[in-house]
Amino acid sequence: MKEIKIKKLERKRIEKNIFHFVFLLVVMLFTFSSCSAQQRIITEVKYDKIVVNSVEDIYQKRDGLFVFSDINIDLRKIPSEKRKDVFVKLLLPSIEVVQQEVLNNREIVKKLKVKKELTESEKIYAEKLFKKYKTEYGNWNELESKMIVYPASLILTQGAIESAWGTSRFFREANNAFGVWSTNPNEPRIAAKGSRGDFTPHLKKYDTLKDTVEDITLIISRSSAYTGARKMIWEGKSPYEIAGGLTKYSEEGKEYVKKVRSTLKYNNFHEYDNII
700 MKEIKIKKLE
710 RKRIEKNIFH
720 FVFLLVVMLF
730 TFSSCSAQQR
740 IITEVKYDKI
750 VVNSVEDIYQ
760 KRDGLFVFSD
770 INIDLRKIPS
780 EKRKDVFVKL
790 LLPSIEVVQQ
800 EVLNNREIVK
810 KLKVKKELTE
820 SEKIYAEKLF
830 KKYKTEYGNW
840 NELESKMIVY
850 PASLILTQGA
860 IESAWGTSRF
870 FREANNAFGV
880 WSTNPNEPRI
890 AAKGSRGDFT
900 PHLKKYDTLK
910 DTVEDITLII
920 SRSSAYTGAR
930 KMIWEGKSPY
940 EIAGGLTKYS
950 EEGKEYVKKV
960 RSTLKYNNFH
970 EYDNII
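Residue numbers (this note's numbering): 700 to 975.
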């Protein structure tokens, strides 16, 4: 009898230990899945950086997202019709990456704004986004309104105009496709030729073409001068109509808008608005 009781006690102890083990395992799995779910809110768009040493490099078929960084070719030496195609092929990968990043951040914001409490990493990420779009922290609606997907056709059009199809010195030496000026002596930049009295104007210098595309997108996204353009983008207006909101981009004003519209239309750039 004693032996039977001992066996029963032993079995109960084993069953109890198994129960505790299973319970602990369930708790651990739940905690892990919760942490994983939180971590998945913050995702990033991954891409490769490609150095261009020949025109053939630009046309090489590649899998996944990528951007062109060092452009070691001179577009001035390429016949004009071919040059236009090369210029478009140079910019398109960067446009796609930038647009994917905006869409990715939109999804992140959509999840973060409804959370009662953000983790430390989520709060840091949110702060960076609010700063990036020059919006007061916590104003989620304004942040989202500024997170536009700027049409590829307008990016290509403005890039073609501002860089003379990639032949300008600023494009060749600084990956600056949009003639963006620099007022910060601490950022990478190059001096413009000539000076205005004691003042020498500078233009921004970018590491990759993706950086210049991101900057033009942010300029349109953040500045109050382009509130109208942003409104038209959210309303689903055509790039031709959206161009009407770019009068403040150039000293030429309405003439610049005419130039953008004619260049966009002549080159059928609207064909590239569905690259995502």
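Every residue, glycine too, gets a C-beta built ideally from N, C-alpha and C.
{"Item": "Three or more C-beta pairs below 8 angstroms linking the region 766-777 and the region 799-813", "Value": "no"}
{"Item": "Contact set for A928: own chain, Cβ-Cβ below 7 angstroms, skip 5 residues either direction", "Value": "I919, I941, G944, L945"}
{"Item": "V754: first and last residue of the uninterrupted alpha helix (DSSP H) it sits in", "Value": "754-758"}
{"Item": "Boundaries of the beta strand (DSSP E) in which L902 is found, first to last residue", "Value": "901-903"}
{"Item": "In DSSP terms, what K748 is bridged to", "Value": "V766"}
{"Item": "Pairwise C-alpha distance: S820 and Q737", "Value": "Note on Q737: pLDDT 48, under 50, position unreliable in the model; no value is reported."}
{"Item": "Exposure label - Y905; buried when at least 16 CB within 10 Å", "Value": "buried"}
{"Item": "Whole runs of the beta strand (DSSP E) within the region 763-810, excluding any shorter than 3 residues", "Value": "765-770"}
{"Item": "9 angstroms Cβ cutoff met for Y849 and T907", "Value": "no"}
{"Item": "Beta-carbon spacing of V959, I860 below 9 angstroms", "Value": "yes"}
{"Item": "Cβ-based neighbour list, V721, same chain, cut-off 7 angstroms, excluding 5 preceding and 5 following", "Value": "Any reading at V721 must be qualified, since the residue scores a pLDDT of 44, below 50, and its modelled position is unreliable; no value is offered."}
{"Item": "Selection from V787, I740, K745 that minimises the alpha carbon distance to I757", "Value": "V787"}
{"Item": "Strand pairing of I1049, partner residues [DSSP]", "Value": "The requested residue 1049 is not part of the displayed model; the chain covers only 700 to 975."}
{"Item": "Check whether L764 and D747 have beta carbons under 9 angstroms apart", "Value": "yes"}
{"Item": "Beta-carbon gap between F870 and Q857 smaller than 9 angstroms", "Value": "no"}
{"Item": "Candidates N752, S844, W864, G837: closest to P778 by CA position", "Value": "W864"}
{"Item": "Short Cβ contact (9 angstroms threshold) for K812 with I740", "Value": "no"}
{"Item": "Contact under 9 angstroms by Cβ, W933 with H901", "Value": "no"}
{"Item": "Chain-order list of residues whose beta-carbon lies under 7 angstroms from that of C734 (same chain, five-residue window excluded)", "Value": "Below a pLDDT of 50, predicted positions are generally treated as unreliable, and C734, at 47, falls in that range; no measurement from the model is reported."}
{"Item": "CB-CB length for K845 against Y832, believed under 8 angstroms", "Value": "5 angstroms"}
{"Item": "Cross-strand partners of W880 (DSSP beta bridge)", "Value": "L902"}
{"Item": "Status (buried if at least 16 other CB within 10 Å, exposed otherwise) for S923", "Value": "exposed"}
{"Item": "Proximity winner among N875, L855, S867, relative to N966 (alpha-carbon distances)", "Value": "L855"}
{"Item": "Candidates V796, I889, I847, E780: closest to G935 by CA position", "Value": "I847"}
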